[in-house]
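Peer 1:
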Amino acid sequence: MPETHTAAPRPASAPVRYLLGFPETWWNLDLDPSTRDGSIRRRVLAGLEGSGAGPAVVDRMVRTARKSAREAHVRGALQLAGTFEVLEGGTTLIATTMVLRLAPPPDVVPDLSQLMLSYAVNNARNPLARKSGGKSHRTDVIELPHAGTAGRVTYLEDVDFYGKGWARMAIMQTIVPVPETDEFIVIASTTPSLGLMDEFFGVFDAISNTFRFEYAPESA
1 MPETHTAAPR
11 PASAPVRYLL
21 GFPETWWNLD
31 LDPSTRDGSI
41 RRRVLAGLEG
51 SGAGPAVVDR
61 MVRTARKSAR
71 EAHVRGALQL
81 AGTFEVLEGG
91 TTLIATTMVL
101 RLAPPPDVVP
111 DLSQLMLSYA
121 VNNARNPLAR
131 KSGGKSHRTD
141 VIELPHAGTA
151 GRVTYLEDVD
161 FYGKGWARMA
171 IMQTIVPVPE
181 TDEFIVIAST
191 TPSLGLMDEF
201 FGVFDAISNT
211 FRFEYAPESA
């Protein structure tokens, strides 16, 4: 079932929380600084139970997960979820989805069309778009089943991979206007598994399609 995450207090006409569903194998990381260290270790231990992973593997995964949670909290993320699987032969499948609530700068008009135009210009200038033949770099306006019109941008980017060096990531961002506000919800999904980029983009699309707002009950 989708988890409920309460946003900051809003007027009665604006949504007060959102729902977003993930595959059953995905985990949600605790972002609260007062509880995350212990809860992340318990989650990693539970996830590795029966796998035969030694203390060194457990500690490495705990450190990586804690670093991800710290960075997400600093960015003001509402939620961080992901998956990490080791396939036969040692191939790893890694993906994460971060949810943020963002307000544009005061001098920027909060218009989805203008925002997506900016994304389109950036995508056209991205040198990685030419190297990939352009198929990984798209900018679209889409319709979410439960949240209406939204923006969608996909691209490749070289990022610092948990402090272990630079890695090329495939990224999909879904930008949802928050009704009756000037803000946007950004559902940012990433994977370094470029050989399975299309498959992961399908998973990311399915996740974002579950997104919906919830509203405070109307006063009698």
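Just so we're aligned: 110 in the working numbering is position 110 of the sequence shown, and the numbers increase by one with no gaps anywhere. Heads up, the beta-carbon is just placed ideally off N, CA and C, and yes, glycines get one too. Every value quoted in this text rests on a predicted model; they were computed, and no experiment measured them.
Select from PHE204, ARG41, PRO177 and LEU20 the residue whose C-alpha is nearest the C-alpha of ILE171.
Peer 2: Closest by alpha carbon: PHE204.
Peer 1: Give the secondary structure of THR210 by DSSP, where H, G and I count as helix, E and B as strand, and everything else as coil.
Peer 2: Three-state DSSP puts THR210 in coil, outside helix and strand.
Peer 1: Under DSSP, the alpha helix (DSSP H) around ALA264 begins and ends at which residues?
Peer 2: No answer is possible for residue 264: it lies beyond the span of the chain, which begins at 1 and ends at 220.
Peer 1: State the beta-bridge partners of LEU102 as determined by DSSP.
Peer 2: Bridge partners of LEU102: PHE184.
Peer 1: Taking contact to mean 3 or more Cβ pairs, one atom from each stretch, closer than 8 Å, check whether the stretch 12–31 and the stretch 174–186 are in contact.
Peer 2: The stretch 12–31 is in contact with the stretch 174–186.
Peer 1: Taking DSSP's pairing of strands, which residues face GLN114 in a bridge?
Peer 2: GLN114 pairs with nothing; no bridge assigned.
Peer 1: Report, in whole angstroms, the separation of the C-beta atoms of ILE185 and ARG101, which I expect to be a contact under 8 Å.
Peer 2: That belief holds up - the Cβ atoms of ILE185 and ARG101 are roughly 6 Å apart, short of 8 Å.
Peer 1: Check the DSSP bridge columns for SER189 and list the partner residues they point to.
Peer 2: SER189 pairs with THR97 and MET172.
Peer 1: Less than 8 Å separating the beta-carbons of PRO145 and ASN209?
Peer 2: Result yes, Cβ atoms of PRO145 and ASN209 sit closer than 8 Å.
Peer 1: Where does SER233 land, buried or exposed, given buried means 16+ other C-beta within 10 angstroms?
Peer 2: This structure gives no information on residue 233, because the portion of the chain shown stretches from 1 to 220.
Peer 1: Could you check where the beta strand (DSSP E) with THR64 kicks off and where it finishes?
Peer 2: Not the beta strand (DSSP E): THR64 falls in the alpha helix (DSSP H), residues 55–74.
Peer 1: In terms of residues, what are the limits of the beta strand (DSSP E) holding ASP140?
Peer 2: Per DSSP, ASP140 belongs to the beta strand (DSSP E) from 138–144.
Peer 1: How is GLY47 classed by DSSP in three states: helix, strand or coil?
Peer 2: Helix, per DSSP.
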